[in-house]
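Numbering (mature numbering (1 follows the signal peptide of the UniProt record, and there is no 0)), first residue to last: -20 to -1, 1 to 209.
Think of the CB as a built atom: it goes at the ideal place given N, C-alpha and C, for glycine as much as any other residue.
In what follows, a single structure is set out as structure tokens and then discussed.
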């Protein structure tokens, strides 16, 4: 029995090594819109932009209604590098942040059609905060586990009842879909994603560079009480 368990553990380790070794480049698309919560995108991308430490090159595109200036929730201007009309739909990582402006995206059939296609074609899909509302609206989370912002949890769960919403989770992984709780949880998701993709050493080194004390246990949800607040 011990020999069988050891063999199984070695197979898991080998699979992780092969997966990490096979990644040489990440093409990342980030959805943007007016009233984006800045930290929703900056949190995970602060890890993704440093994957060069794992010998992985990376390119980013920020995708919105049209190229140009975006006004974040904190009044800090952001920049969309392309529009959904011209952006490609197949990404290694497709990131959907949240913020009050998600309603504008959800109300736009053309933008949602693009997001739906990108969600289907991309290798990994990440959402932060109420970006999960957009992701759930594509139907991709139907029957899957997911989480979202604690203060908006009940409303989003009511709109998408066929999703298995996890109330107490910093982030949730189900297949290629990674969803995080509110705002700063996206940085912990970013740490966990890089750890999965490139191993613990790379993720740890990035967290040291960022001086970020990452929560490494997805069930460690310090703000779970907010759901019932």
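Relative to the Cα of residue 77, the nearest Cα in the group 85, 71, 70 belongs to 85.
Per DSSP, the continuous beta strand (DSSP E) segment holding residue 57 begins and ends at 57 to 60.
Our two residues, residue 6 and residue 106, have alpha carbons roughly 14 Å apart in a direct line. Residue ranges of uninterrupted alpha helix (DSSP H) with 4 or more members, entirely inside the region 126 to 198 and ordered along the chain, are 133 to 139, 165 to 178, 180 to 190. The region 96 to 125 is shown to contain whole beta strand (DSSP E) runs of 3 or more residues at 104 to 107, in chain order. Using a Cβ-Cβ distance cut-off of 8 Å, the region 110 to 124 and the region 133 to 142 are in contact, since at least three pairs of beta carbons, one from each stretch, lie closer than that value.
Residue 83 carries a helical assignment under DSSP once its states are collapsed to helix, strand and coil. For residue 22, the uninterrupted alpha helix (DSSP H) run begins and ends at 18 to 28, by DSSP.
In the same chain as residue 131, and ignoring 5 residues on each side of it, the C-beta atoms closer than 6 Å to its own belong to 206, in chain order.
DSSP places residue 48 in the strand class (E or B) of the three-state scheme. Residue 9 and residue 19 have their C-alpha atoms roughly 16 Å apart. Nearest in C-alpha terms to residue 16, of all of 44, 26, 155, 149, is 44. Setting aside the 5 residues that flank it on each side, residue 69 is surrounded in the same chain by 97, 98, 101, each with a C-beta closer than 6 Å to its C-beta; the list follows chain order. Close CB contacts of residue 162 within its chain, under the 6 Å cut and outside five residues either way in sequence, are with 109, 129, 130 (chain order). Partner residues in a beta bridge of residue 36, as assigned by DSSP, do not exist.
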